[in-house]
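Each remark here refers to the structure printed beneath this line.
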Amino acid sequence: MKKKPPSLRSVQWFGREDIYGFIYRSWVKNRGVPQDQFDGRPVIGICNTYSELVPCNSHFRTIAEHVKAGVLEAGGFPLEFPVMSLGETLLRPTAMLYRNLASMDVEESIRANPLDGVVLLVGCDKTTPALLMGAASVDLPAIAVSGGPMLSGKYRGTDIGSGTNVWSMSEDLRAGRITMDEFHEAESCMHRSHGHCMTMGTASTMASMVEALGVGMPGNAAIPAVDARRNVLARLAGRRVVELVREKIPLSTILTKKAFENAIRANAAIGGSTNAVIHLLAIARRVGVDLTLEDWDRLGRGVHCLANLMPSGKYLMEDFYYAGGLPAVLKELGSSGLLHREALTVNGRTIWENSKDAPCHNRAVIHSIKRPFKKNTGIAVLKGNLCPGGAIIKPSAATPKLMKHRGRAVVFESIEDLHRRIDDPGLDIDENCVMVLKNCGPKGYPGMAEVGNMPLPPKLLKKGVTDMVRISDARMSGTAYGTVVLHVVPEAAAGGALALVQNGDLIELDVAKRKLQLLVSSKELSRRKKSWLKPESPLSRGYWKLYFDHVLQADQGADLDFLAGRSGAFVPRDNH
Ligand code: FES
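Take a look at the structure:
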């Protein structure tokens, strides 16, 4: 056996010449691994979120094979392992409830095993933050590889986008504009290939964040899942992570404050999902970067949306890739002083070296910064007596004339209350009202569901109303749109002022002034607070109870309080 470099942690397992070495190596050999693979070469974990319960990640066995090929080509030893996977479409009550649980699985799986570096296979929304959070708390060299978006949906001659057209078509169905048969047909037309949602929803946003943060290879954001170049990217990532181990570049070297600032501006420039706010805050807290809600507002000011993509625009991720993808957007930002050009990325080059020569092939899809698609589209952070800890709105998905609005509150105490009453023709509501939804935050749902884009009442839809001001402690799908105020902190279930709003109260929204005010006196609010009942955990045991007792509010990333920070990769003892 060759002399092993002492710095590799896997040597503490595979390089031993005692009973433990026998145990650590012998069982691994049971699938035909020769002795020379234990010669001190970097051992690379491939952290796989493949699951048939997560349709967006159903091609990850193939991607893992390409990563493995790359690891072997670079002289590493790949070992694939599964972790809890999270799918938006099937998991109930919401995938977000399990993001922190999955991150614990990832963290402990990496730390407890003989790994020197790791490739994180991510796709459906929560899999990206969960894996990055877990890996950040161990801090080995790591590269995230996204599974890539699906091909564009095609329905009766038009493009349709995941999520975005689900919302619009379900409104069409409720308003009687399409038939049930057409609705069913659209289901088959929308999702017709492997990959994640192909709008600029949360999955595509997080894939873009991976690239903008520098933890993914250039091209990670947009190469379609079924394009051969996605497999090439996976293979290159496999090769490169071996080098990262040899160069001793841990994740924390990449995930700096500057990297997060680049990602925040990139999010504004692509019209990215509001979910990126909560996920980036959580990842930053794991790696020890001081990132706040205020950073989102500060950095997003003056950044324009360049990408004409659903839900803010009309094109889809396939179009985005063919137009130049994220590098073309980063080039615009970097040319305008809106990028920390020196931020290092996992391929060993700076973000500017990766993007400065990026071409744009279609200005209808990726606009220049001089002629942006939409102006001033950074996430706006609102403050006021209704959200002293903050709330957010995505201006690029909102209706401009509603961004300054005063209206009468129509209150729904829970999502069930909303479902029960929204279709009632007798509901006392008009288009100037402000819809308020309570008890859908981290504790209240539990898991902070994506229900903030409440459906509009059919009687108003039939009148042609397409948007109203909506306020909640919930999140919103990245594929949704509207003048929707989200992530109200404190949430109703934590006793925030949101819990005290009553039908008929006046609410004032002024996005330009970053204000969200409940026009009710503090004396009256104190009076109402006296009769507010503190909710109990919906389950008295298990993960739900742990989550309910420890989840932080949205302004801190909704992580569990004891998970902030990193414990590193040290394991104190042998296992026998
Ligand atoms: Fe998986 Fe949208 S449902 S990315």
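Throughout, the working numbering is defined as the position within the sequence shown, counted from one, plus 589. Glycine is no exception: its CB is placed at the ideal position from the N, C-alpha and C atoms. From a predicted model like this one, the values you see are computed outputs, not experimental measurements.
Per-residue DSSP class, three states only, for residue i
i: H994; result: strand
i: P989; result: helix
i: G827; result: helix
i: I955; result: strand
i: M590; result: Its pLDDT being 47, under 50, M590 is placed unreliably in this model, and the value from its coordinates should be taken loosely. Looking at M590 - three-state DSSP - the assignment turns out to be coil, as it is neither helix nor strand.
i: S1111; result: helix
i: I843; result: helix
i: G664; result: coil
i: G979; result: strand
i: N864; result: helix
i: Y639; result: coil
i: C778; result: helix
i: Q1106; result: strand
i: V1140; result: strand
i: I1018; result: coil
i: Y1034; result: coil
i: V1058; result: strand
i: E1125; result: coil
i: I732; result: strand
i: E677; result: coil
i: L898; result: strand
i: H648; result: coil
i: I767; result: coil
i: E669; result: strand
i: P916; result: helix
Cβ-based neighbour list, residue i, same chain, cut-off 6 Å, excluding 5 preceding and 5 following
i: L1098; result: H994, V1058, L1105
i: S1061; result: L1026, C1029, G1041
i: I633; result: V660, G665, P667, G706, V830
i: K846; result: V878
Proximity below 9 Å, CB of residue i to CB of residue j
i: L710; j: L679; result: no
i: L1075; j: A1063; result: yes
i: L792; j: C949; result: First, the residue type needs correcting, since residue 792 is Ala and not Leu in the sequence shown. No.
i: G750; j: S741; result: yes
i: L1050; j: E760; result: yes
i: K963; j: S901; result: yes
i: H648; j: G808; result: no
i: S782; j: V815; result: yes
i: M906; j: M739; result: yes
i: V799; j: T717; result: yes
i: K715; j: R745; result: no
i: A858; j: A896; result: yes
i: L825; j: E850; result: no
i: V892; j: P631; result: no
Span of the alpha helix (DSSP H) around residue i
i: Q601; result: 600-603
i: G610; result: 608-615
i: V935; result: That residue, V935, is in no alpha helix (DSSP H); it is neither H nor E in DSSP.
i: G742; result: Careful: G742 lies outside any alpha helix (DSSP H), inside the beta strand (DSSP E) at 742-744.
i: M906; result: 906-912
i: S797; result: 791-802
i: T716; result: 716-727
i: G889; result: 882-889
i: R960; result: Looking at the DSSP string, R960 is not in any alpha helix (DSSP H), and its letter there is neither H nor E.
Cβ neighbours of residue i in the same chain (closer than 8 Å, five flanking residues each side left out)
i: G1154; result: S726, R874, R875, G877
i: K591; result: Legend: pLDDT at K591 = 48, less than 50; position of this residue unreliable, value from coordinates given subsequently. Contacts found: D628, G629.
i: P1101; result: Just to set this straight, residue 1101 is Ala in the shown sequence, not Pro. Correct list, in chain order: M992, K993.
i: L1114; result: N974, A1086, L1089, L1107
i: D908; result: S741, L898, N951, V954
N-terminal and C-terminal residue of the beta strand (DSSP E) that residue i is part of
i: S1066; result: Where S1066 is concerned, there is no enclosing beta strand (DSSP E), given that its DSSP letter is neither H nor E.
i: T747; result: 747-749
i: M1024; result: 1023-1026
i: V708; result: 706-711
i: V1078; result: 1073-1078
i: L1095; result: 1095-1099
i: A969; result: 969-971
Residues of its chain near residue i, where Cβ-Cβ distance is below 7 Å and the 5 sequence neighbours each way are ignored
i: N1092; result: A998, V999, V1000
i: I812; result: G737, R818, R819, L822, Y910
i: L933; result: G803, T842, I843, T939
i: M1043; result: L1007, M1024, L1026, R1059
Cβ contact check for the region 829-846 and the region 728-738: 3 or more pairs under 8 Å: yes
Cβ contact (3+ pairs, closer than 8 Å) linking the region 665-680 and the region 698-708: yes
Cβ contact check for the region 1018-1037 and the region 1127-1138: 3 or more pairs under 8 Å: yes
Validate contact between the region 1064-1073 and the region 984-993 using beta carbons, cut 8 Å, 3 pairs: yes
Inter-stretch contact (C-beta, 8 Å, three-pair minimum) for the region 951-966 and the region 921-934: yes
The region 967-978 / the region 929-944 touching (three or more Cβ pairs under 8 Å): no
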